[in-house]
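Here UniProt numbering is used: position 210 in the sequence shown is 210, and no number is missing along the way.
Have a look at the structure below, then the notes.
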Amino acid sequence: MTPTARAFTSPPLASPPELIVNPQIRNPMLRGTFASLMTYLLLSEAQLEVSDGFEWNRFYRWTRGFGNYHLQLSAMHWYKESTVPSHEYILLEFTSRSLKLSPFTIRLERDSTSWFSLFGERNEDRRNCKDKLTLRLDSLKLIGPTDKLMASILIPQHQYSVITLLHIAHLQQMLNEKAPVYDLFTYNCWWYAGCIWENVAYWLRQSGAEVVFTLDLGTPDDEVIEEMTQAVPSQAGVRPLDWEATIFPRKLLHAHIMTARRALRGRETTRKLDGVLEASKQIREYCMEEIHRDVIEGGRAGSLGGSGRPNLKQLITLTFQIFVLRRGVFM
1 MTPTARAFTS PPLASPPELI VNPQIRNPML RGTFASLMTY LLLSEAQLEV SDGFEWNRFY
61 RWTRGFGNYH LQLSAMHWYK ESTVPSHEYI LLEFTSRSLK LSPFTIRLER DSTSWFSLFG
121 ERNEDRRNCK DKLTLRLDSL KLIGPTDKLM ASILIPQHQY SVITLLHIAH LQQMLNEKAP
181 VYDLFTYNCW WYAGCIWENV AYWLRQSGAE VVFTLDLGTP DDEVIEEMTQ AVPSQAGVRP
241 LDWEATIFPR KLLHAHIMTA RRALRGRETT RKLDGVLEAS KQIREYCMEE IHRDVIEGGR
301 AGSLGGSGRP NLKQLITLTF QIFVLRRGVF M
């Protein structure tokens with residue numbers, strides 16, 4: 001850990017956790033060991049990039065497939081590139097601790113297809129916005145040699161995070177709905193990374209998992225670090241389970257908004273910046289409760305059934321998925 005990094009442990013819950021571990025995660029045999037191993041092979045061998053809404057929809061449908069419940073989040077990292085303008089992205093590590101398989105990592109990021117405008121306009125085809133998912137078995141292939149690690153959350157091996165790929169798919173769908181465009185000062189890469197980070201960190205708190213959050217703001221000043229990680233009791237929108245890892249991205253968001261308000265004045269600017277705060281609020285509210293119901297329903301729709309044994313049609317489908325994913329295509 002660098003001299004400027006600070007570590008925080010999520011505080012224990014005063015009441016039973018809002019999220020519980022699906023028993024299918026604790027006991028992968030309920031899902032069928034064969035299906036679990038085949039699903040892991042499907043993921044670990046995939047080398048793909050998803051860059052548009054159609055591909056995200058394919059990813060969502062795949063996450064509802066059988067054999068995915070044993071895969072759970074084991075770590076999250078927030079990186080910042082050293083280039084100018086700097087680019088930020090999130091790494092999420094997933095693993096199956098029950099089956100003792102090596103983790104794989106997905107990189108999530110938002111970029112623009114056009115730099116001709118400072119403020120993007122809402123449109124249906126997302127022509128100026130590209131959300132990308134890149135999956136690798138080796139996480140080092142996703143990190144640039146000079147990229148800076150801003151923050152990390154590590155989940156101890158004896159803890160269950162409860163967070164699956166289906167959570168990420170539903171979160172991305174909400175991001176598509178509330179912020180389908182890219183612009184330099186609002187719905188950009190740091191806003192996208194902050195949304196993912198804040199909501200995943202809140203889910204970890206809801207699950208009751210005792211995780212370690214490490215933050216590196218590049219300064220040894222404890223007062224600055226405390227200011228960025230401590231919520232004011234009277235601050236609007238503070239939730240009962242907010243902690244340092246969820247407060248930090250919200251403080252960053254408000255700091256960016258304040259800077260943009262000072263630099264870019266006018267009614268249109270004010271309207272768009274207010275829209276960013278409202279979109280972030282709506283995504284936050286969805287991720288507090290409703291998303292968990294969607295994940296449960298999505299899991300049921302894609303489950304194998306009580307026996308945990310795939311039928312012939314499912315085996316053929318899975319085999320074909322492995323074949324095409326090795327070539328970078330999501331079915």
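Virtual Cβ for every residue (Gly too), placed ideally from N, Cα, C.
Inset, instruction - Mark residue 24 as exposed unless 16 or more other C-beta atoms lie within 10 angstroms of its C-beta, in which case mark it buried. - result: Low local confidence applies: a pLDDT of 47 at residue 24 is under 50, so the model's placement there is unreliable, with the coordinate-based value given in what follows. Its Cβ being crowded by 16 or more others within 10 Å, residue 24 is buried.
Legend entry - CB-CB length for residue 264 against residue 168, believed under 8 Å: The Cβ separation is near 32 Å, so there is no contact.
Legend entry - Sub-8 Å separation of residue 152 and residue 105 beta-carbons: no
Inset, instruction - Say whether the region 135 to 147 touches the region 70 to 88, bearing in mind that this needs 3 or more beta-carbon pairs closer than 8 Å, one atom from each stretch. - result: yes
Inset, instruction - Along the beta strand (DSSP E) that carries residue 93, what are the first and last residues, could you check? - result: 88 to 95
Inset, instruction - Let me know the secondary structure DSSP gives residue 158 once reduced to three states. - result: coil
Inset, instruction - Starting from residue 212, trace the alpha helix (DSSP H) both ways and give me its first and last residue. - result: Unbroken run through residue 212 is the beta strand (DSSP E), 212 to 216; no alpha helix (DSSP H).
Legend entry - Neighbourhood of residue 189 by C-beta, 8 Å cutoff - its chain only, sequence neighbours within 5 removed: 87, 88, 89, 109, 110, 111
Legend entry - Reduced DSSP secondary structure (H/G/I, E/B, other) of residue 153: strand
Inset, instruction - Can you check DSSP and say which residues form a bridge with residue 112? - result: 129
Inset, instruction - Just grab the DSSP bridge partners of residue 197 for me. - result: Residue 197 is not bridged to any residue.
Inset, instruction - Could you check what DSSP says for residue 207 in three-state terms: helix, strand or coil? - result: helix
Inset, instruction - Decide if residue 267 is buried, meaning its Cβ has at least 16 other Cβ atoms within 10 Å, or exposed. - result: exposed
Inset, instruction - Please confirm whether residue 76 and residue 200 have their CB atoms less than 8 Å apart. - result: yes
Inset, instruction - Identify which residue in 205, 56, 261 has its Cα closest to the Cα of residue 15. - result: 205
Inset, instruction - Report yes if the C-beta distance between residue 276 and residue 186 is below 8 Å; otherwise report no. - result: yes
Legend entry - Three-state secondary structure assigned by DSSP to residue 143: coil
Legend entry - residue 156 versus residue 254 - alpha carbon distance: 31 Å
Inset, instruction - Ignoring anything shorter than 4 residues or poking outside the region 230 to 292, list the alpha helix (DSSP H) runs there in chain order. - result: 244 to 263, 267 to 285
Legend entry - Local conformation of residue 59 per DSSP, three classes: helix
Inset, instruction - Output the distance between the C-alpha atoms of residue 63 and residue 12, rounded to the nearest integer angstrom. - result: 30 Å
Legend entry - Residue closest to residue 294, alpha-carbon to alpha-carbon, out of 260, 9, 74, 163: 163
Inset, instruction - Measure the CB-CB distance between residue 231 and residue 238 and report whether it falls below 8 Å. - result: yes
Legend entry - Inter-residue spacing [alpha-carbon to alpha-carbon] between residue 8 and residue 202: 14 Å
Legend entry - C-alpha gap between residue 74 and residue 183, whole angstroms: 32 Å
Inset, instruction - From the DSSP output, read off the bridge partner residues of residue 76. - result: 92, 153
Inset, instruction - Name the residue from 132, 139, 78, 56 whose alpha carbon lies nearest to the alpha carbon of residue 95. - result: 139
Inset, instruction - Would you kindly check if the distance between the Cβ of residue 225 and the Cβ of residue 6 is under 8 Å? - result: yes
Inset, instruction - Consult DSSP for residue 163 and reduce its assignment to one of helix, strand or coil. - result: coil
Legend entry - residue 102 versus residue 220 - alpha carbon distance: 35 Å
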